Amino acid sequence: MIVVKAFGHVKEVLGSELEVNRELIDVKSLRDYLGNEYPTIVWSTVAIAVNKKYVQDPDPISPGDEIALIPPVSGG
Amino acid sequence: MIVVKAFGHVKEVLGSELEVNRELIDVKSLRDYLGNEYPTIVWSTVAIAVNKKYVQDPDPISPGDEIALIPPVSGG
Amino acid sequence: MVQLVEHIDLNEVYKLLADTKAGGTCVFVGTVRNHTPQREDAEVTDLRFEAYDEMALAEMEKIRQQAIEKWGLHQAVIIHAIGKKEVGEPVVVVGVASSHRKEAFPACQFLIDELKKSVPIWKKEFFTDSSHWVSPTP
Amino acid sequence: MVQLVEHIDLNEVYKLLADTKAGGTCVFVGTVRNHTPQREDAEVTDLRFEAYDEMALAEMEKIRQQAIEKWGLHQAVIIHAIGKKEVGEPVVVVGVASSHRKEAFPACQFLIDELKKSVPIWKKEFFTDSSHWVSPTP
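Chains as they are written, first to last, in the numbering used here: chain A, 2 to 77; chain B, 2 to 77; chain C, 8 to 145; chain D, 8 to 145.
Structure (structure tokens):
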């Protein structure tokens, strides 16, 4: 199981922490899973961070990683 | 007679107010007079203001005008 | 210095930027406006900012270090407010101190431009009749 | 608002710039440095600023109006200190408040760049061993 933090409008759909009971080996597999489960969200606009750093689809996910879904930021 | 205000390094040579006992009809004639009387000053770097506005050589000088010698400014 | 705070104190910013080698200090303050381009007809009553705190601070520090290196700054500060903010309140302040002014302006603008691109902070606007999460505008 | 003052109060500047329509405020502060490009080896002990007061205020107001018109600013402020200033003290502050940040930076830079070109104010630098009127540097 991995725990995924969510923020902004994504949080309003998924809650602030989503538990995913799948084995996900990379960012791409997480995106595929989310796309299937939550089709109302435009996932192409949502960045993903692993251990507080932005990552890309080919990057790996390991057990214990801190994963976060980052919708378009609007600070400042 | 006209009274000319001076500032910065020009003031240290001419004093803060210089009285000129000549009839000077334009800025050019003032420049010529100053160049002859105070040859140690590089007058080409000194701007002239009449009534608090920058003027050029052809501009006229009239009795009662407030005339000022403005060496390169260094505010800020 | 990077911070997430409840309330921004502008005096504090100048203390953090003080440096006897610096000749120029440029500070940008973003405040809550009473109108938004997304609802020209409506008045913003207040805003709420939420952050992914640890990552936001890490991204702010990354941007800060990039600016210090690129422009040889003596000091740089990024402070963002979180929580509820009212019209007129400061929500973000970025500032730099450099030897000369020619570095200060682009460096300061870099801090706010990059913050708006990558720092995980989100703004929700509240109107008299509704609320929504803000989509970023360039 | 344009002013020549004995001492610059940075709090005052933000009060003058406050405007509920403004989303971005950019402020530049010039301070006395302890070194000068003209004497790399020597320490500046203090500075003295003198102005042709009435003309300086008129030129400052002209620059201010140009910036307001060019960038559609909500507020703009130019304040210069005169008299003796010590290392670290603010000597000039310029600031603008605009709807968006993209206007704030060039407008603020315009105020300080133009001030340095045309406003009749002169700086004399005092070192431990000498003093001189400063020639402007670009």
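Even glycine gets a Cβ: it sits at the ideal position worked out from N, Cα and C. As the structure is a prediction and not an experimental result, all values here were calculated from the model.
Take the alpha-carbon of B:L31 and the one of B:S63: they are about 12 Å apart.
Scanning chain C for C-beta atoms nearer than 8 Å to the C-beta of D:R40 yields T27, K28, A29, G30 and S106, reported in chain order. Each residue's CA atom was taken as its position, placing A:G77 and D:E93 some 35 Å apart. Below 8 Å, enough C-beta pairs join the region 71-89 of chain C and the region 109-116 of chain C to call them touching: three or more.
At a beta-carbon threshold of 9 Å, none of the residues of chain C lie near D:L23; the nearest stands roughly 13 Å away. Contact annotation, D:S106 with D:A29: C-beta distance approximately 6 Å; criterion of less than 8 Å satisfied.
Between B:V47 and D:P127, the C-beta gap is not smaller than 7 Å, which leaves the two residues out of contact. If you draw a 10 Å sphere on the C-beta of D:G90, you find fewer than 16 other C-beta atoms in it, and that means exposed. Using a Cβ distance threshold of 7 Å, D:A104 and D:I15 do not count as a contacting pair. In this chain, the beta strand (DSSP E) harbouring A:E18 covers E18 to V21.
A Cβ-Cβ contact shorter than 7 Å links D:L23 with D:V84. Closer than 7 Å to the CB of B:I71 there is at least one CB belonging to chain D.
Here B:F8 carries a coil assignment [DSSP, helix/strand/coil].
By the Cβ test, the region 133-142 of chain C is not in contact with the region 59-71 of chain D, since fewer than three Cβ pairs between them sit closer than 8 Å. In this structure, DSSP gives C:G37 an extended state, which the three-state scheme calls strand. One thing to note: D:L118 has its Cβ within 7 Å of the Cβ of D:V101. With a minimum length of 3 residues, the unbroken runs of beta strand (DSSP E) contained wholly in the region 14-89 of chain D fall at 31-38, 51-58 and 82-88. DSSP places C:Q116 inside the alpha helix (DSSP H), whose first and last residues are R108 to S125. Only those residues of the region 123-140 of chain C whose C-beta falls short of 9 Å from the nearest C-beta of chain A are listed: K123, K124, S125, V126, P127, I128, W129, K130, K131, H139 and W140. By the 16-neighbour rule on beta-carbons within 10 angstroms, D:E68 is exposed. Just so you know, the alpha carbons of C:A49 and C:V141 end up roughly 14 Å apart. Listed in chain order, the non-local C-beta contacts of B:D66 below 8 Å within the same chain comprise I3, V51 and N52, local neighbours out to five positions each way being set aside.
Assignment of C:G95 by DSSP, reduced to helix, strand and coil, places it in the coil class. For B:V28, the enclosing alpha helix (DSSP H) has its first and last residue at V28 to E38. In this model, B:I42 and D:F56 are separated by some 21 Å (Cα to Cα).
Scanning chain B for C-beta atoms nearer than 9 Å to the C-beta of D:E61 yields K53 and E67, reported in chain order. Closest in C-alpha terms to C:G95, from the list C:N18, C:T52 and C:R40, comes C:R40. A:E13 sits in a helix when the DSSP states are folded into three classes.
Straight through space, the alpha carbons of C:P97 and C:L17 are spaced by roughly 9 Å.
Between D:G37 and C:G37 the beta-carbon gap is near 23 Å, outside 8 Å, which marks them as no contact.
Rounded to the nearest whole angstrom, the CA to CA distance from B:H10 to D:E110 is 38 Å. At a cut-off of 7 Å between beta carbons, A:G9 contacts chain C. Excluding its 5 nearest sequence neighbours in each direction, D:E66 has C-beta neighbours in its own chain below 6 Å: S125 and V126, listed in chain order. Take the alpha-carbon of A:I71 and the one of B:Y55: they are about 57 Å apart. Cβ neighbours of B:K29 within its own chain (closer than 8 Å, five residues either side excluded): D58 and P59.
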